[in-house]
Amino acid sequence: MTFPGAGRRDVPGVVALQDVGLQVRVGEFVAVVGPSGCGKSTLLRVLAGLTPTGATVTGGAVTRLVNPAGGPATAWMPQRDGLLPWRRALPNALVGARIAGMDRAVADERARALFDEFGLAGFERSWPHELSGGMRQRLALLRTCLPGRPVLLLDEPFGALDAITRRRMNAWLAGLDLAGHGRAVVLVTHDVDEALLLADRVVVLSDRPGRVVLDLPVPRDGTQDARRTLLDALDPHGGS
0 MTFPGAGRRD
10 VPGVVALQDV
20 GLQVRVGEFV
30 AVVGPSGCGK
40 STLLRVLAGL
50 TPTGATVTGG
60 AVTRLVNPAG
70 GPATAWMPQR
80 DGLLPWRRAL
90 PNALVGARIA
100 GMDRAVADER
110 ARALFDEFGL
120 AGFERSWPHE
130 LSGGMRQRLA
140 LLRTCLPGRP
150 VLLLDEPFGA
160 LDAITRRRMN
170 AWLAGLDLAG
180 HGRAVVLVTH
190 DVDEALLLAD
200 RVVVLSDRPG
210 RVVLDLPVPR
220 DGTQDARRTL
230 LDALDPHGGS
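Reminder that position 195 of the sequence shown reads as 194 in numbering that gives the first Met the number 0, one-by-one numbering, no gaps.
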């Protein structure tokens, strides 16, 4: 993935990702970690078909994911919750489903069930400004899940939360089984502990241009060794 340099034509292009291959199986939760600017969010945008204008793929091709039910295969949750301040919580949750062409009654019924599953029951008529940061992110994730697309792309969904709320949200998300029901999840994060808690595999990207330097299955019988391996891959020079 090559992005042309901004400004004058003689500025060389910036290579965001190089020789990156990523395979995510059905029912799998994969976390992508790496230093700032290594192309993590770019990778999600490529998977979502949101490659910026002017970007090119060299030496290979991007295979677009196919939704067996028709329409886009991916649902993307950006870092900001993107809630519409003039809509209450339930109408906010329905925005993506309505754009996707879901039947209104079906979308409404599914949304109400998810409000209960996501711990938001009773807040359907709340305005976004009345919700806590954690509740807003849960609502944004609910909106992302509602259309039922087979691949979820999560771009640091809890990055703007304070440390305590983020920890609670990770514990909540770990028990949600997002990758169940024939779905796959790709999470971008800076947080190694978050990746180890939530993911089945952790993929580490190098400094720009981003390359895969480690693809690590997460052990379920203790993660201390895995944590050390990930930190070594993220900082191979040990800060020197």
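Even glycine gets a Cβ: it sits at the ideal position worked out from N, Cα and C.
Excluding the 5 residues flanking it on each side, residue 143 has same chain C-beta neighbours closer than 6 Å at 74 and 76, in chain order.
If you draw a straight line from the Cα of residue 47 to the Cα of residue 152, it comes to about 8 Å. Inclusion of residue 204 and residue 30 in the CB contact set at 8 Å is not warranted, their separation being larger than that value. For residue 168, the three-state secondary structure derived from DSSP is helix.
Runs of alpha helix (DSSP H) with 4 or more residues, each lying fully within the segment 125 to 197, are found at 132 to 144, 162 to 173 and 191 to 197, listed in chain order. Under the DSSP definition of a beta bridge, residue 42 lacks any partner. The C-alpha of residue 110 lies about 11 Å from the C-alpha of residue 95.
Residue burial is scored here from C-beta neighbours: residue 193 has at least 16 other C-beta atoms within 10 angstroms and is therefore classed as buried. Secondary structure of residue 228 (DSSP, three-state): helix. When the Cα atoms are used, residue 169 and residue 103 turn out to be separated by approximately 31 Å. With 16 or more neighbouring CB atoms inside 10 Å of its own CB, residue 165 falls in the buried class.
With a cut-off of 8 Å on Cβ pairs, the segment 31 to 41 is in contact with the segment 14 to 22, counting three or more such pairs. Assignment of residue 122 by DSSP, reduced to helix, strand and coil, places it in the coil class. Just so you know, the alpha carbons of residue 136 and residue 122 end up roughly 14 Å apart. The Cβ atoms of residue 215 and residue 229 lie closer than 8 Å to each other.
DSSP lists 153 as the beta-bridge partner residues of residue 76.
In the three-state scheme derived from DSSP, where H, G and I count as helix and E and B as strand, residue 220 is classed as coil. Collapsing the DSSP output to three states places residue 209 in a strand.
Exclusion of the five residues before and after residue 213 leaves 201, 202, 203, 228, 229 and 232 as the residues of its chain whose Cβ lies within less than 8 Å of its Cβ. Between the alpha carbons of residue 171 and residue 157 lies a distance of about 12 Å.
Distances from the CA of residue 85 to each of 187, 145, 124 and 134 were compared; the closest alpha carbon is that of 124. CA-to-CA, the gap between residue 182 and residue 25 works out to about 6 Å. Taking every protein chain shown into account, the CB of residue 43 has 16 or more other CB atoms within 10 angstroms, so this residue is buried. By the neighbour-count criterion, in which a residue is buried when 16 or more other Cβ atoms sit within 10 angstroms of its Cβ, residue 108 is exposed. DSSP places residue 83 in the coil class of the three-state scheme, outside both helix and strand.
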